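The sequence shown begins at 375 in the numbering used here and counts up by one.
Even glycine gets a Cβ: it sits at the ideal position worked out from N, Cα and C.
In this text the structure is predicted, and so the values were computed from the model without any measurement.
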Amino acid sequence: MAVTRSDLRHVLSKEDADLVEQARHPGLSELTSEELRQLSTRLRERRDRSTRLINNHRRSTKGRGSQAGSVEKYEANQRRYAAIYAEAISRTNKERSRRTARARREELVTNSRRALARKQDGAKTANRPESGATAGAGMKAKASTRTRKVGAPSEKGRVSQATKVAQAKKDAKA
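1) Below 8 Å on the Cβ atoms is my contact criterion, and I expect I428 with E449 to pass it. Report the Cβ-Cβ distance as a whole number of Å.
2) Roughly how many whole angstroms lie between the Cα atoms of V394 and H384?
3) Could you spell out where the alpha helix (DSSP H) holding K493 opens and where it closes?
4) Check whether chain C comes within 9 Å of R418, counting only Cβ atoms and requiring the distance to be less than that.
5) Do you know whose CA, among A475, K468, S505, K493, lies nearest S414's CA?
6) In terms of residues, what are the limits of the alpha helix (DSSP H) holding K544?
7) In whole angstroms, what separates the C-alpha of D495 from that of R487?
8) Exposed or buried, which one is A517 when buried takes at least 16 other CB atoms within 10 Å?
9) Output the boundary residues of the alpha helix (DSSP H) element that contains H431.
10) What do you get for L417, buried or exposed, if any count of 16 or more other CB atoms within 10 angstroms of its CB means buried?
11) So, helix, strand or coil for A442, using DSSP?
12) Using DSSP with H/G/I as helix, E/B as strand and the rest coil, what is A526?
13) Assuming contact is defined by CB atoms lying nearer than 9 Å, are T466 and A397 in contact in what I supplied?
14) For L382 versus A391, is the C-beta distance shorter than 9 Å?
15) When you measure from the CB of I428 to every non-hydrogen atom of the ligand FMN, does any distance come out below 8 Å?
16) Would you call the CB atoms of R453 and R411 closer than 9 Å?
17) Do you know how far the Cα of Y459 is from the Cα of S434?
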């Protein structure tokens, strides 16, 4: 369950409430990466301290600790402190994850743009010879080396006869 800001002031000391308040937006997004890391570390220390106190109190109620006696209110308050710190740690972790994801996206975009520029630059300057015939599916017909004859085969006799007739007329005139 989320704790409101007014509840923070009532439950925690001023110093601790200010620390947890830093782990809320918009102040959380204004912190630098180093400040965010330090805040996360301090919050973890406070949470661990609360859970350690709970465990020590539980041991003492069983007669194995240095303190004797059981005060349920004390343990309930320490659980509440630990929960408040855990929520704050969760917010700082999410912010760190967000920043990491943003940095990865920006790096990916930068690398993609650089690769595209190199590809486009390479397409302009590349002067490679054609690869020639390459292997394909099945056999391919070879190009014929014979010269192609002009005209249809059915026209062959008509053309040669016309040439003979034309030559005979020319010889007759001379």
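Here's the rundown:
1) The pair is a contact, with the Cβ atoms about 6 Å apart (cut-off 8 Å).
2) Cα to Cα, V394 sits roughly 13 Å from H384.
3) K493 -> alpha helix (DSSP H) spans 446–499.
4) Among the protein chains of the structure shown there is no chain C, as only one such chain exists.
5) Proximity to S414 across A475, K468, S505, K493 peaks at K468, based on C-alpha coordinates.
6) For K544, the uninterrupted alpha helix (DSSP H) segment begins and ends at 530–547.
7) The alpha-carbon of D495 is positioned some 12 Å away from that of R487.
8) Looking at its Cβ environment, which holds fewer than 16 other Cβ atoms inside 10 Å, A517 is exposed.
9) Per DSSP, H431 belongs to the alpha helix (DSSP H) from 407–435.
10) Within a 10 Å sphere around the beta-carbon of L417 sit 16 or more other beta-carbons, which makes this residue buried.
11) Below a pLDDT of 50, predicted positions are generally treated as unreliable, and A442, at 46, falls in that range; the measurement from the model is reported next regardless. Three-state result, A442: coil.
12) Looking at A526 - three-state DSSP - the assignment turns out to be coil, as it is neither helix nor strand.
13) Yes.
14) Between L382 and A391, the C-beta gap is smaller than 9 Å, which places the two residues in contact.
15) Inclusion of the ligand FMN in the displayed structure is not the case, the ligand content being empty and no account of it being possible.
16) Not closer than 9 Å, so no.
17) Straight-line measurement puts the Cα of Y459 at about 24 Å from the Cα of S434.
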